[in-house]
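Asks: Provided herewith is a single structure, encoded as structure tokens, for subsequent inquiry.
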Amino acid sequence: MRHGSARLFGNVGLPLVTAIACVLLWEGLSRLMGTPEYLLPRPSRIVTAIVDDSGLLLFNAVYTLQATLLGFGLAVLLGVILAVLIVQFKFLDQTLYTLLVSLNSIPKVAIAPLFIIWLGTGLNPKIAIAAMIAVFAIVIDMVHGLRSVDPDMIDLARSARASAAKIIWKIRFPHALPALFAGMKVAISLALIGAIVGEFVASNRGLGYFILVSQGQFDTVRMFAALTILSTVGLALFYAVVGAEHLLLPWQVARRRASANA
Amino acid sequence: MTAAVVEMRPERRLSEKPTSDHLVIDGVCKTYRSQRGSLEALRDISLRVRAGAFVSIVGPSGCGKTTLLRCVAGLDHPTAGEISLKGSAVSGPPDNMGMVFQRDVLLDWRTVLDNVLLLTEFRGLPRRDWIDRARRLLAVFGLASFEDRYPWELSGGMRQRVSICRAILDEPELLLMDEPFAALDAFTRDELNLELQTLSQRTQSTTLFITHNIGEAIFLADQVVVMDRRPGRIATVLDVDIPKPRALSVREGRAFAEIGRQVRQTFEDLGILRASP
Ligand SMILES: Nc1ncnc2c1ncn2[C@@H]1O[C@H](COP(=O)(O)OP(=O)(O)OP(=O)(O)O)[C@@H](O)[C@H]1O
Ligand SMILES: [Mg+2]
Chain Y
1 MRHGSARLFG NVGLPLVTAI ACVLLWEGLS RLMGTPEYLL PRPSRIVTAI VDDSGLLLFN
61 AVYTLQATLL GFGLAVLLGV ILAVLIVQFK FLDQTLYTLL VSLNSIPKVA IAPLFIIWLG
121 TGLNPKIAIA AMIAVFAIVI DMVHGLRSVD PDMIDLARSA RASAAKIIWK IRFPHALPAL
181 FAGMKVAISL ALIGAIVGEF VASNRGLGYF ILVSQGQFDT VRMFAALTIL STVGLALFYA
241 VVGAEHLLLP WQVARRRASA NA
Chain V
1 MTAAVVEMRP ERRLSEKPTS DHLVIDGVCK TYRSQRGSLE ALRDISLRVR AGAFVSIVGP
61 SGCGKTTLLR CVAGLDHPTA GEISLKGSAV SGPPDNMGMV FQRDVLLDWR TVLDNVLLLT
121 EFRGLPRRDW IDRARRLLAV FGLASFEDRY PWELSGGMRQ RVSICRAILD EPELLLMDEP
181 FAALDAFTRD ELNLELQTLS QRTQSTTLFI THNIGEAIFL ADQVVVMDRR PGRIATVLDV
241 DIPKPRALSV REGRAFAEIG RQVRQTFEDL GILRASP
């Protein structure tokens, strides 16, 4: 129990204390130096702005969250299917996978405007952009996970004359789940970036849109208010994935903990 | 699977009269080839194993014991020669075979019980038919209170016991074991030797059992195969004519000591063991 609370403090408490200290320092310094608000507003002003605009911020945050989650879901679904196919078929490995790996190095944000042409200005292009940016992390990690199975494990299955489908489903897939979660932890943040990029390109809603409008009005305080909400959403999404991993992969979490203590 | 067993039956009856050899290894050679050159692991291995026999294989590390076992299992293919089971050539893993690997290969995401039931799932057998037997086996191997634990919560010896339970769950006709007890302490090893003897008396599985422990090899076996260094060859095959079931005390008997002496003598002649002063 004492171990548990010490660990919890190490994981959550320490970063939190650091963050609070930074905010206090920021507040103190900007009061001391009288930094103008349109350059860098004080934290206390940002908090007031969040409270004042809470309805509007919530409305826009929900829109962005929607695009992010749908894009992320699409990326996971597509990514897992692609990865399984790539691992199963040598042809796809040499063509599709090689292509995906090289495409991953180009800045995908640059093709976001294309999606507006293809899919219009509604929610769909944002979902598509979010999915496109996030899917690479899923495919690459999942392919690695599916491949890194101990060959003896495959031989064990072969010794019982397991079908290819059962080898995938009962051995490769569960073995790859930790890698999939590693990919999802990256992909969830990428999906949020994708959603915001989509809103930057063309939108009349969402936190990205809110930031653009505030910028147009030189309202730095509101920009920071939106950024604060955006960061909170990003953190919450990331920890939701971490929480899901704890729930679904207890063996992985326990093993990681055991090797960290060793 | 039931269909296959029914089909096999008439053939089995025929073959029982003249030669009841379950496993025939005939002139098997295995050379591993890679970019860095080729490595001759097995040279001209021939061996006949009768149905229900327990054969121990001893030999120095790297002499090709695992390679031989993998060829028999149909997981690897000989470069030359042929292996046949019940008269038909092995081209892939046969039906109704159990295998214990040198390293226990347990699935981290499955409980002990679910690991034991894994192979029945691969064979498409209904879980509920096997769950009681799996529990009983785990109890026999001293793991009754661990069936809901995960592999990483077990010691090395316990993990290996789980992998043995998994291999023998459906009483395979052919049982291949690659140093299953290497990670165990002497007491546990004795205990499991007795359990394995009881089980194999009952199931009558044809068994190939690899070990580095000469005492264990003799205690369990009807025949002990002694292998020479790489390229792996069979140096000699010794019969163990001690009636079964055997008690641990046979190890102090004259017959047992004589076979042990012959095994050691063979290793000395091959220059693998240093001659005793
Ligand atoms: N897949 C492989 N590719 C190339 N060489 C291999 C391969 N597997 C085994 N060998 C080589 O074949 C030889 C025999 O290996 P094997 O694993 O059969 O030995 P072993 O008798 O089981 O040894 P040990 O008692 O240490 O387990 C070794 O020299 C090994 O390096
Ligand atoms: Mg070996």
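Taken in sequence, the protein lines are chains Y and V. Heads up: the first sequence is residues 1 to 262, going by the working numbering. Heads up: the second sequence is residues 1 to 277, going by the working numbering. We treat Cβ as the ideally placed atom computed from N, Cα and C, and that holds for glycine. Quick caveat: nothing in here was measured; it's all calculated off a predicted structure.
1) Cβ atoms of Y/LEU146 and Y/LEU249: under 7 Å apart, would you say?
2) Report yes or no: is there a C-beta of chain Y within less than 7 Å of the C-beta of V/PRO93?
3) Of all Cβ atoms in chain Y, is any one closer than 7 Å to the Cβ of V/TRP152?
4) Taking the alpha helix (DSSP H) that Y/LEU29 falls in, what are its first and last residues?
5) So does the region 185 to 192 of chain V actually touch the region 62 to 79 of chain V, counting three or more Cβ pairs closer than 8 Å?
6) For Y/LEU65, I'd like the list of residues in its chain whose CB is within less than 7 Å of its CB, leaving aside the five on either flank, ordered along the chain.
7) Thinking just about the alpha-carbon of each residue, which of V/LEU68, V/ARG127, V/THR198, V/ILE164 is nearest to the one in V/GLY27?
8) Of all the beta strand (DSSP E) runs that stay within the bounds of the region 72 to 109 of chain V, which reach a length of 3 or more residues?
9) With V/GLY64 and V/LEU42 assumed to form a contact (beta carbons below 8 Å), what rounded beta-carbon distance in angstroms separates them?
10) So if DSSP puts V/ILE45 in a beta bridge, which residue, or which two residues, is it bridged to?
11) Does V/LEU119 come within less than 7 Å of chain Y when only Cβ atoms are used?
12) Starting from V/VAL55, trace the beta strand (DSSP E) both ways and give me its first and last residue.
13) Y/LEU57 by DSSP, collapsed to three states: which one?
14) May I have the straight-line CA-CA distance separating Y/LEU235 from Y/ARG172, to the nearest angstrom?
15) Which residues of the region 143 to 170 of chain Y have a Cβ closer than 7 Å to any Cβ of chain V? Give them in chain order.
16) Under the rule that 16 or more other beta-carbon atoms within 10 Å means buried, what is V/ASP178, buried or exposed?
17) Counting only beta-carbon atoms, is Y/ARG256 nearer than 7 Å to chain V?
18) I want to verify the contact list: residues of chain Y whose CB lies under 7 Å from the CB of V/VAL105, in sequence order.
19) Relative to ligand 3, is the shortest distance from any of its heavy atoms to the C-beta of V/LEU270 smaller than 6 Å?
20) Report yes or no: do three or more beta-carbon pairs, one from the region 54 to 69 of chain Y and one from the region 200 to 217 of chain Y, lie closer than 8 Å?
21) Using the rule of at least 16 other Cβ atoms within 10 Å of the residue's Cβ for burial, across every protein chain shown, is V/ASN115 buried or exposed?
22) If you run the structure through DSSP and keep just helix, strand and coil, what is Y/ALA236?
23) Between the region 117 to 149 of chain V and chain Y, which residues of the former have a C-beta closer than 9 Å to a C-beta of the latter?
24) Quick one: what does DSSP say V/PHE181 is sitting in, helix, strand or coil?
25) Taking Y/VAL139 and Y/LEU180 to be in contact with their CB atoms under 8 Å, please state how far apart those CB atoms are, rounded to whole angstroms.
26) For a cutoff of 7 Å on Cβ pairs, would you count V/LEU75 as touching chain Y?
27) Pairs of beta-carbons, one from the region 120 to 138 of chain Y and one from the region 196 to 206 of chain Y, closer than 8 Å: are there three or more?
Replies: Taking the geometry as given:
1) no
2) yes
3) yes
4) 14 to 33
5) no
6) VAL233
7) V/LEU68
8) 80 to 85, 97 to 100
9) 5 Å
10) V/VAL28
11) yes
12) 54 to 58
13) helix
14) 30 Å
15) ASP150, ASP152, MET153, ASP155, LEU156, ALA157, ARG158, SER159, ALA160, ARG161, ALA162, LYS166, LYS170
16) buried
17) no
18) ASP150, ASP152, MET153, LEU156
19) Absence of ligand 3 from the depicted structure is noted, with ligand 1 and ligand 2 being the only ligands included.
20) yes
21) buried
22) helix
23) LEU118, LEU119, THR120, GLU121, PHE122, ARG123, GLY124
24) coil
25) Their Cβ separation, rounded to whole angstroms, is 10 Å, which puts Y/VAL139 and Y/LEU180 out of contact at 8 Å.
26) yes
27) yes
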